[in-house]
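Everything on this sheet refers to the single structure shown next.
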Amino acid sequence: MSYRPLGSEVTDPLIRSKIAALSLNGSLLTNDAVAKFQKTIKYPEYLGAFESEEEGKYNNFKNVDGAKNDKGHLGDKSFKHLFPEGTKYSTEDLSPNFGTEITGIQLSELDEAGKNDLALYLETRGLAIFRDQDFRDKGPAFAKQFGEHFGPLHIHPVSFSADKHPELLVTFRPPGDETRYEKGFAGKTGAFAWHSDISFEEYPASFSFFVALEAPKSGGDTVFIDLREAYRRLSPTLQKFFEGLTVIHTNYYQNQLASLNGNTARVKGDYFTEHPLVRTHPVTGEKSLYFSRAFIHSIKGVKAEESSFILNFLEQHVTSNPEIQVRAQHKGTDARTVIAWDNRLAVHTAIADFLQHATGPRHHFRITVLGEKPYLEEENKEEEVAVNGHSNGHSNGHSNGHSNGQAQNGALNGN
Ligand SMILES: [Fe+2]
-16 MSYRPLGSEV TDPLIRSKIA ALSLNGSLLT NDAVAKFQKT IKYPEYLGAF
34 ESEEEGKYNN FKNVDGAKND KGHLGDKSFK HLFPEGTKYS TEDLSPNFGT
84 EITGIQLSEL DEAGKNDLAL YLETRGLAIF RDQDFRDKGP AFAKQFGEHF
134 GPLHIHPVSF SADKHPELLV TFRPPGDETR YEKGFAGKTG AFAWHSDISF
184 EEYPASFSFF VALEAPKSGG DTVFIDLREA YRRLSPTLQK FFEGLTVIHT
234 NYYQNQLASL NGNTARVKGD YFTEHPLVRT HPVTGEKSLY FSRAFIHSIK
284 GVKAEESSFI LNFLEQHVTS NPEIQVRAQH KGTDARTVIA WDNRLAVHTA
334 IADFLQHATG PRHHFRITVL GEKPYLEEEN KEEEVAVNGH SNGHSNGHSN
384 GHSNGQAQNG ALNGN
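With our numbering applied, the sequence shown corresponds to residues -16 to 398, in that order.
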């Protein structure tokens, strides 16, 4: 079966006209709809309309020294600054290997050392769910400042953001009743889209902090896959083969969908960015299978049929094994949940399992930190250093861009 990039149906004229109609009839989030929802939602400052003067106004930063500057290098392996002595907290692992739920720690009160420990914690556990956070009431400027500790922040080219704070990406699914179900699944059986945030960027995301503003009491979870374990499960033969492959990631289809919906492109550019299929983590040294399904276009340098064959295998291998998945529940507005993760070792998707029920909105904002340019560290490092004067595989990519994965309620969606 031939592999199709997610969202590529947008090039079909019949699909285009359907999407345009959905946008016109208010089924997709538009500037007009934003103005309407701002009057009823609990956190209107976290839902801004696109301003026409924002068109092409921003660029994203490179993060050339991202691997060296990763805050996880400064973290303490005992995490004593994240969990200071005398603090009453509890942790519950989602699985023995991946993901932990934490209560009793207030993210907004972490000092520098606590944030460094948090970086290392996410790099070790993959993701963490924090309950009862006051983060959302501290305001957008605070959130931005918090995120900047970890590195340069990403500005999403075409996703909605907090008002006047383009660094805070917003995902918003409007309130509604069971009539959303028919519309939501009229042309597809599922709305999930596995991705690592902004993998089409030359410097894709390290950490994401996903802050619940309003959430259904049940459902609308975010599900994660451990890409380290996805790599480890392969035979040495296939691991070696995959280590030689380069993958092309793109935001082209996401941009097309956004354009059909009338969204302003804050950052211009369709990127076709090359990343190694297997990448090395700059702090832990662990390898992961960097398979960001929603943004992957093709395998570089092989024939079309071969690219399809490899990508179809990867999709099956990575996404169909429940042993390497965990589910992060948002648990409604009152749970005051913040979920944080390391995009270099995980993919995730939002779960649209509540559309047949009447619910309030699902409304979050996300701080997205730029990481290093993905690389695969060569095994025979010393030899490599002797020959080349450096290690660290792969030169990579082109493009300048950035951005991440979601069209608010469209086909390429979210956290
Ligand atoms: Fe995401």
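Beta carbons are placed, not taken as given, at the ideal position from N, Cα and C, and that holds for glycine.
Predicted model, so just to flag it, every value in this text is computed and none were measured.
Proximal residues to residue 283 (C-beta, below 8 angstroms), its chain only, five neighbours per side dropped
Setting aside the 5 residues that flank it on each side, residue 283 is surrounded in the same chain by 228, 229, 230, 231 and 257, each with a C-beta closer than 8 angstroms to its C-beta; the list follows chain order.
Starting from residue 222, follow the beta strand (DSSP E) in both directions and report where the run begins and ends.
Taken as a continuous stretch (DSSP letters only), residue 222 belongs to no beta strand (DSSP E), being part of the alpha helix (DSSP H) at 219 to 226.
Whole-Å CB distance - residue 108 paired with residue 81, under 8 angstroms assumed:
With a beta-carbon spacing of about 7 angstroms, residue 108 and residue 81 fall inside the 8 angstroms limit used to define contacts.
Compare the Cα-Cα distances from residue 398 to each of 72, 354, 246 and 329 and report the closest residue.
Considering only alpha carbons, the answer is 329.
Proximity test, residue 398 beta-carbon vs ligand 1 heavy atom, cut-off 8 angstroms
Remark: the shortest separation between the CB of residue 398 and any heavy atom of ligand 1 falls under 8 angstroms.
I want to see whether chain D comes within less than 9 angstroms of residue 55, judged by CB atoms only; does it?
Here chain D cannot be found, since the structure has a single protein chain.
Would you check whether ligand 1 has a heavy atom nearer than 8 angstroms to the C-beta of residue 180?
Within the cutoff, so yes.
Quick check: the Cα distance between residue -9 and residue 279, rounded to an integer number of angstroms?
Between residue -9 and residue 279, the C-alpha separation is close to 11 angstroms.
With residue 205 and residue 322 assumed to form a contact (beta carbons below 8 angstroms), what rounded beta-carbon distance in angstroms separates them?
Contact between residue 205 and residue 322 holds: CB atoms are separated by about 6 angstroms, below the 8 angstroms threshold.
What are the boundary residues of the beta strand (DSSP E) that residue 256 is part of?
Counting along the chain, the beta strand (DSSP E) containing residue 256 begins and ends at 255 to 259.
Starting from residue 270 and walking both ways along the alpha helix (DSSP H), at which residues does that stretch end?
First-last for residue 270: 270 to 272, but that is the beta strand (DSSP E), not the alpha helix (DSSP H).
Enclosing beta strand (DSSP E) for residue 233 [first to last residue]
Residue 233 -> beta strand (DSSP E) spans 229 to 233.
Spatial neighbours of residue 133 within its chain, please: CB distance less than 8 angstroms, with the 5 preceding and 5 following residues excluded, ordered by chain position.
Here residue 133 has 54, 98, 102, 189, 190 and 352 as same chain residues with Cβ atoms under 8 angstroms from its own Cβ, once five neighbours each way along the sequence are excluded.
Quick check on this structure: which residue in 14, 225 and 210 has the alpha carbon closest to the alpha carbon of residue 289?
A check of alpha carbon separations from residue 289 across 14, 225 and 210 identifies 225 as the nearest.
Which residue wins for smallest C-alpha separation from residue 269, given the options 76, 144, 106 and 157?
Nearest option by C-alpha distance: 106.
Does the region 42 to 57 come close enough to the region 71 to 79 that 3 or more CB-CB pairs lie under 8 angstroms?
Contact annotation: the region 71 to 79 does not touch the region 42 to 57, with fewer than three C-beta pairs closer than 8 angstroms.
Rounded C-beta distance between residue 344 and residue 155? I'm assuming under 8 angstroms.
Yes, residue 344 and residue 155 are in contact; Cβ-Cβ is about 6 angstroms, under 8 angstroms.
Cβ-based neighbour list, residue 202, same chain, cut-off 6 angstroms, excluding 5 preceding and 5 following:
Counting only residues of its own chain and dropping the five nearest sequence neighbours on each side, residue 202 has a CB closer than 6 angstroms to the CB of 336 and 337.
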